[in-house]
Amino acid sequence: MSRPGVDNVVWINKTPQSASLSHSEGLERINLLSQAQRNSRALTQSIHKTKRARKARKTNTVVVRFIEADKITRGKDKIAPDPVSDFYPHLQLSIPRALMDSLFDIQRSEFIHSLHKLHLEDSVYAFIPSRIGTSRVVEDAAHAVVAAQNYRLTPIRDRNERLHLAAAASYISAIRVLKGSVDGSDACLMACLLLQLSHSLSDHSDDRRENSSAHIDGIAAVLADKARQFLSRPPSDFARMAFYSLRYCTYFLPIAQGVASPFDDGLTARLKWTSPTRSPTSQEVCLRQIAHELFVRLPRLIAGTRSLRNGDGADRDSVLNLAADLCELHDPDTETWFLRHKTTYVHTVEVYREHVGDYSLSFPSLSEWECMVVYWETHLVLFRLCYELSRLAPMGHPTVRKFKNHAYQDGMAQAILMSWTFVHQRCNTGLGTRIKTALIACYSVMRLKATWHGSVATLRQWINQVLHKDGALNPDAADIGDALAGGAIQPFRDWASGSRSILGNRGSNK
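So our numbering is basically just the index in the sequence shown, starting at one, shifted up by 14.
Below, the structure written as C-alpha cells:
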C-alpha cells in the first residue's frame with residue numbers, strides 16, 4: 015500500500031545502502047526523509063479534515079458565524095466538548111467556550127464603538143451589548159449596524175463594491191433571521207430598532223422610504239404588543255426606555271393621523287424613566303416622566319382642538335378639561351434645581367449672539383440636555399394649544415383660567431434657544447430630531463408676540479434658515495407649528511414622512 019507523501023518521492027531508495035554513503039550525503043538524506051514524513055502527516059491531517067467537513071455537510075450540521083472550519087474541533091482533540099448557548103441546541107460541533115466568548119466580546123466592542131460615533135452610547139441602544147451572545151436575532155442585527163457604520167465612515171474615494179455588498183448582505187441576513195422569530199419579546203424589539211438604524215445609516219436600499227416605513231410599522235406593532243403585556247407583568251428596563259425613545263411611534267404618527275396616541279393609557283403614559291449606563295437623579299426622572307406623559311397625551315388634545323377649530327362638533331368642555339389637566343403636569347421647583355446644578359452659562363459664539371443672546375447654556379452631557387429640551391418643548395406645544403382653545407372658548411370660561419400665562423412660556427422658549435449652540439457644536443452633519451422639533455415649538459409660540467428681546471420676525475427667519483439649511487423641513491415652520499396647534503394636518507404629514515429617522519435623534523452625527 016502506497017503511503018501519501020512518501021512513496022511519491024522518487025529519490026528514496028528502498029534498499030539500505032547507508033554503509034556506502036558519505037557523512038554529508040547521509041545527513042542530507044535524513045533531512046529529506048524527515049521533510050517527507052512531515053509532508054505525509056500534513057497530507058493525512060488534511061484528508062481527515064476534508065472527510066469531517068464532508069460528513070458535516072451531509073448531516074446538515076450548522077456552523078456558527080465567524081468560526082472558520084479549521085477552528086472547529088471534535089471531542090477527540092485535546093479540548094473537551096463544551097455546549098454552546100441554549101440558543102444553538104441544533105449545533106452538533108463542539109466549540110470552545112473561550113473562543114465563542116472572545117468572538118462575542120469583539121462584536122460587543124465593535125458595536126459600542128459604533129454607538130460612540132453616533133452619540134448614542136447613553137440611549138436605548140446601550141441595552142444591546144449585554145444581549146450579544148444570548149440572542150441570534152440581536153447579534154445579526156447588531157452586525158448589520160456595524161457593517162453599515164463602517165461603510166458610512168469609509169471615505170467616498172475608498173469605498174468599493176466589496177464594502178457595499180458586505181453591508182447589504184449583513185442587512186438582508188438580519189432581516190431573514192428576524193422573520194423567523196417575530197414576537198413581542200425584548201429581543202425582537204431590539205432587532206427592529208437595530209435594523210431601522212442600519213437602514214438609516216446605509217444606502218443599499220432602492221426604495222429607502224418604503225423600507226423605513228416597514229421598519230417603523232414593525233416597531234409600532236411590537237410596542238403595541240408590549241403595552242398589552244404590561245397588564246400581566248411589569249415592563250423591563252429596556253421596554254421602559256424604548257417607550258421614552260420611540261416618540262415617532264407614540265407622538266408623531268398619531269398626530270399625522272389626526273388621532274389620539276394608542277399608548278394614551280394610565281400605565282404606559284406613566285412609565286418611570288431609567289438609564290442603561292448610569293443612575294439618574296430623582297430630578298431628571300421627574301422631568302422626563304412629565305415630558306413623556308405629555309408626549310403621549312398631547313395627540314388627543316391636538317385632535318380635539320382641530321375638531322373645535324373645524325367645527326366638527328367635538329365636546330368643547332372635555333377638550334378644555336383635558337388641556338387644564340395637562341397644564342398641571344409641571345414642576346417648576348425641579349426645573350429650577352436642574353438649571354442651577356446641571357447647567358452652566360458660557361459665552362455664545364459671536365455669529366449666533368444676535369439671535370441666541372450673549373450667553374448660552376452648557377450641559378454635562380447630551381442626556382441632561384435632552385431631559386430639559388423635551389420638557390420645555392412639550393410645554394410650549396401645550397401653551398400654543400391653550401392659546402387656541404382660549405380663542406374658541408366663551409369669554410370668562412372657568413376652565414380657561416387654569417391655563418398658564420405667557421411669561422412662563424417666554425422663559426422656556428428662550429432656554430431652548432440658549433441650548434441650541436450646545437447641541438449644534440456636537441453635530442457633524444445634522445441637528446437631530448429633538449432640537450428640530452424644539453425649534454419648531456419656539457417658532458410656533460413666537461407668533462403670539464410682537465417683540466422678543468428684539469425683532470420676532472428676524473428671529474423666526476433665522477430659525478427657518480437653520481431648519482432648511484439642515485434639510486429638516488419641506489413645509490414652512492409656521493405651517494408645521496399651526497398643525498401642532500390643531501390646524502391643517504397635511505404640512506405635518508409631509509414633514510413627518512420625510513423625518514422617519516426616529517432613533518439617532520438627540521443630535522447625532524447622522
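For each residue, glycine too, the CB sits at the ideal point set by N, CA and C.
Can you give me the Cβ contacts of residue i inside the same chain, cut-off strictly under 6 angstroms, excluding the 5 residues immediately before and after it?
{"i": "Gly-318", "result": "Ala-328, Val-333"}
{"i": "Phe-252", "result": "Phe-141, Asp-200"}
{"i": "Leu-285", "result": "Arg-254, Phe-257"}
{"i": "Ser-374", "result": "Val-360, Thr-362, Met-432, Thr-435"}
{"i": "Gly-6", "result": "Because the chain in this structure spans residues 15 to 524, residue 6 falls outside the shown range and cannot be described."}
{"i": "Arg-166", "result": "Leu-215"}
{"i": "Val-388", "result": "Ala-305"}
{"i": "Asp-149", "result": "Asp is not the amino acid found at residue 149; the sequence shown has Ser there. Cβ within range, chain order: Ala-201."}
{"i": "Lys-85", "result": "Model confidence at Lys-85 stands at a pLDDT of 36, short of 50, so the residue's coordinates are unreliable and nothing is read from them."}
{"i": "Ser-321", "result": "Ala-328"}
{"i": "His-157", "result": "Ser-184"}
I think residue i touches residue j, with their Cβ atoms under 8 angstroms apart; what is that distance to the nearest whole Å?
{"i": "Tyr-258", "j": "Arg-330", "result": "Rounded, the Cβ-Cβ distance is 32 angstroms, inconsistent with contact."}
{"i": "His-369", "j": "Leu-215", "result": "Not really, about 32 angstroms apart at Cβ, beyond 8 angstroms."}
{"i": "Thr-392", "j": "Leu-312", "result": "7 angstroms"}
{"i": "Leu-343", "j": "Leu-308", "result": "6 angstroms"}
{"i": "Ala-499", "j": "Glu-402", "result": "5 angstroms"}
{"i": "Ser-128", "j": "Val-159", "result": "6 angstroms"}
Could you name the residues of the same chain whose beta carbon sits closer than 7 angstroms to that of residue i, not counting the 5 residues immediately before and after it, in chain order?
{"i": "His-218", "result": "Below a pLDDT of 50, predicted positions are generally treated as unreliable, and His-218, at 45, falls in that range; no measurement from the model is reported."}
{"i": "Gly-232", "result": "Cys-206"}
{"i": "Arg-507", "result": "Ala-270"}
{"i": "Pro-505", "result": "Pro-489, Asp-493, Ile-494, Ala-497"}
{"i": "Ser-195", "result": "Val-151, Cys-202"}
{"i": "Ile-454", "result": "Ala-491, Ile-494, Gly-495"}
{"i": "Thr-348", "result": "Gln-297, Cys-300, Leu-301"}
{"i": "Pro-294", "result": "Trp-287"}
{"i": "Leu-481", "result": "Lys-450, Leu-453, Leu-487, Ala-491"}
{"i": "Val-236", "result": "Gly-198, Cys-202, Leu-203, Cys-206"}
Per DSSP, what kind of secondary structure is residue i in: helix, strand or coil?
{"i": "Ser-144", "result": "helix"}
{"i": "Leu-431", "result": "helix"}
{"i": "Thr-358", "result": "strand"}
{"i": "Ile-503", "result": "coil"}
{"i": "Gly-301", "result": "It should be noted that the sequence gives Leu, not Gly, for residue 301. Residue state, collapsed to three classes: helix."}
{"i": "Ser-374", "result": "strand"}
{"i": "Glu-187", "result": "The residue you asked about is not Glu; residue 187 is Ser in the sequence shown. The answer is helix: DSSP assigns Ser-187 an H, G or I state."}
{"i": "Ser-469", "result": "strand"}
{"i": "Ser-195", "result": "coil"}
{"i": "Lys-240", "result": "helix"}
{"i": "His-313", "result": "For the sequence presented, residue 313 should be read as Pro rather than His. If DSSP states are grouped into helix, strand and coil, Pro-313 belongs with the helices."}
{"i": "His-213", "result": "helix"}
{"i": "Asn-174", "result": "coil"}
{"i": "Arg-330", "result": "helix"}
{"i": "Phe-257", "result": "helix"}
{"i": "Gln-271", "result": "helix"}
{"i": "Phe-352", "result": "helix"}
{"i": "Ala-162", "result": "helix"}
{"i": "Glu-124", "result": "helix"}
{"i": "Glu-135", "result": "coil"}
{"i": "Lys-286", "result": "coil"}
{"i": "Leu-363", "result": "In the sequence on display, residue 363 carries Val and not Leu. DSSP places Val-363 in coil when its eight states are reduced to three."}
{"i": "Leu-399", "result": "helix"}
{"i": "Ser-511", "result": "helix"}
{"i": "Gln-479", "result": "helix"}
{"i": "Asp-231", "result": "helix"}
Can the beta-carbon of residue i be found closer than 9 angstroms to that of residue j?
{"i": "Ala-188", "j": "Leu-208", "result": "yes"}
{"i": "Leu-211", "j": "Tyr-139", "result": "yes"}
{"i": "Ala-452", "j": "Trp-390", "result": "yes"}
{"i": "Leu-406", "j": "Arg-323", "result": "yes"}
{"i": "Ala-502", "j": "Ser-458", "result": "no"}
{"i": "Leu-380", "j": "Val-437", "result": "yes"}
{"i": "Ser-289", "j": "Asp-136", "result": "yes"}
{"i": "Ile-430", "j": "Cys-456", "result": "yes"}
{"i": "Ala-337", "j": "Leu-394", "result": "no"}
{"i": "Ala-228", "j": "Leu-192", "result": "no"}
{"i": "Gly-280", "j": "Asp-239", "result": "no"}
{"i": "Glu-384", "j": "Arg-448", "result": "yes"}
{"i": "Pro-143", "j": "Ile-126", "result": "yes"}
{"i": "Arg-145", "j": "Met-204", "result": "yes"}
{"i": "His-213", "j": "Ala-162", "result": "yes"}
Within the same chain, show all residues whose beta-carbon is closer than 8 angstroms to that of residue i, passing over the 5 residues directly before and after it, in chain order.
{"i": "Lys-72", "result": "Summary for Lys-72: the model assigns pLDDT 42, below 50, so the residue's position carries little reliability; its value from the coordinates is reported in the next sentence. Excluding residues within five positions, none has a Cβ falling inside 8 angstroms."}
{"i": "Val-310", "result": "Thr-264, Tyr-265, Ser-275, Phe-277, Asp-278, Thr-282, Ala-283"}
{"i": "Leu-315", "result": "Val-333, Leu-336, Ala-337, Leu-340, Leu-396, Leu-399"}
Got a sec: does the ligand GDP put a non-hydrogen atom nearer than 8 angstroms to the Cβ of residue i?
{"i": "Leu-375", "result": "The ligand GDP is absent from the structure shown, which contains no ligands of any kind."}
Item to check | the stretch 258–273 touching the stretch 359–371, judged by at least three CB pairs closer than 8 angstroms | outcome: No, they do not touch.
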